[in-house]
Structure formats: C-alpha cells, structure tokens
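In full-length UniProt numbering, the protein residues as written are 1 to 224.
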C-alpha cells in the first residue's frame, strides 16, 4: 500500500524520504547536463519545494552534488568489483585498465562530478560536510584498491596513492577533452590544425591507465 503524500516531513522516515526525493530530482536534472546548468532553484522547483525547504536538508547545492558523487562512486566500485573477475582479458594490467575505463566512461554523471570536485563541489560547504564526504569517498577508494589488488597483487601505500591520483587525473582530463565547449567544437570544425581527443574517451583512458599500471609495476614512487 502506498503511503499518503505529506506536505511537511515530521518524522525521521519522512525526512529521509524528502532527502532521497531531493537527491533523485538532482540526479535526474544532472543526467546529460553540465553541473553549471543545474541550480538550487531548479532543484527546488522540480522537487515541488521552496528553496528554503531544500536548505533544511542540504546546506547548499554543492552538498547535494557531493552526496551524489559519493553515491555514484560507490556504485561504480560495486560494478568494477563485479566486472573484473568476469573479464576475459588474460593480461592483468590490460584487464584492470579495460574494466576501469569502460565502466567509468559509461557513467557520465560520475565523470562530470569528479571533474568538478575541486573547482565546484568542495566550495560553499561546511568543514563537517566536506569531511564526511572525503571519508566516504576514501572508503570507496579503499574498496576499489581491494578489487584491483585481486588482479594485480597488493600494492604499498605509495603505489596505491599514485594509482588513485593518476586514475582521477586521467578520468577528469579525458572527460573534459571529450566534452569541449561549444566555441571549441566550432574551432575543431573550422580549423584542422586544432586537434582534440584522438580516439574514443574510453580508449584514451584505457591506454593511460595501462601505461600507469605498468609503470607502477616497474618503478617505486618517490613521493613518500
């Protein structure tokens, strides 16, 4: 039996439902769009709430986006953990590179949020909010490294740190190159001397990650 709709959340269950509703609206609005195109006012309007009511649950638009990134990253790690043992690629480095590249580039919302983490999401938020976000995402990163270690063997802290940093740097750079601004799209079309991404983004990411993995297998990082 479906519960009767409520105008004001009065119980913990209703507050959790309202919070989930706001996140789902934001997720739908972000689907296929850039972060800059999704405002707090639009989220509130689509949720059927006043902006002040949305701010009862999330202190800013950026906190909503951080929460979505936390959820999307965790879901991606779940998929990677499931897909890696099923891959038919015999070479471990290629296997990890293929699965990571294929799965993350198939999640445009995750790529868009990751690309805007340091420039947008981590601004206009409280210390408590960003701390909780960082700890949650680091938990997902740790799970990702467990899945990777099953294929490549255990890595020390330095190698794991370089790998995660390189993974995120390559995802965000390649995602940005694959989604140029309108003026740059026109420039590509009008001037053949200007070169963009030379191949599909998942292939570019696969090659970058395979190179990173092989490098880490043969060289000890010197940053710690």
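Ideal placement from N, C-alpha and C gives every residue a C-beta, glycine not left out.
Once DSSP output is grouped into helix, strand and coil, what is the label at residue i?
i, result
"residue 13", "helix"
"residue 102", "helix"
"residue 156", "coil"
"residue 19", "helix"
"residue 168", "helix"
"residue 33", "coil"
"residue 53", "helix"
"residue 58", "coil"
"residue 194", "coil"
"residue 28", "helix"
"residue 161", "helix"
"residue 186", "helix"
In terms of residue numbering, what span does the alpha helix (DSSP H) encompassing residue i cover?
i, result
"residue 140", "127 to 152"
"residue 43", "40 to 47"
"residue 203", "201 to 218"
"residue 76", "61 to 83"
"residue 181", "Here residue 181 belongs to no alpha helix (DSSP H), and DSSP marks it neither H nor E."
"residue 115", "108 to 115"
Give a yes or no on whether the C-beta atoms belonging to residue i and residue j are separated by under 8 Å.
i, j, result
"residue 23", "residue 42", "no"
"residue 124", "residue 62", "yes"
"residue 172", "residue 115", "yes"
"residue 165", "residue 74", "no"
"residue 170", "residue 205", "yes"
"residue 167", "residue 135", "no"
"residue 57", "residue 18", "yes"
"residue 69", "residue 54", "no"
"residue 21", "residue 44", "no"
Go through its chain and collect everything with a Cβ distance to residue i's Cβ below 8 Å, but skip five positions before and after it.
i, result
"residue 201", "105, 174, 175, 177 and 178"
"residue 223", "158, 161 and 162"
Beta-carbon within less than 6 Å of residue i's beta-carbon, same chain only, minus the 5 sequence neighbours each way: which residues are those?
i, result
"residue 110", "72 and 76"
"residue 130", "122"
Which residue from the options puts its Cα closest to that of residue i?
i, options, result
"residue 98", "83, 217 and 70", "83"
"residue 182", "100, 34, 14 and 20", "34"
"residue 101", "218, 64, 219 and 207", "207"
"residue 117", "137, 107 and 45", "137"
For chain B, check one thing: does any of its Cβ atoms lie closer than 8 Å to the Cβ of residue i?
i, result
"residue 166", "The structure shown has no chain B; it contains just one protein chain."
With a CB to CB cut of under 7 Å and the five nearest residues on each side skipped, what residues in its chain are close to residue i?
i, result
"residue 214", "93"
"residue 31", "109"
"residue 103", "76, 79, 80 and 83"
Is there at least one non-hydrogen atom of the ligand FAD closer than 7 Å to the beta-carbon of residue i?
i, result
"residue 79", "The ligand FAD is not part of the structure shown, which contains no ligands of any sort."
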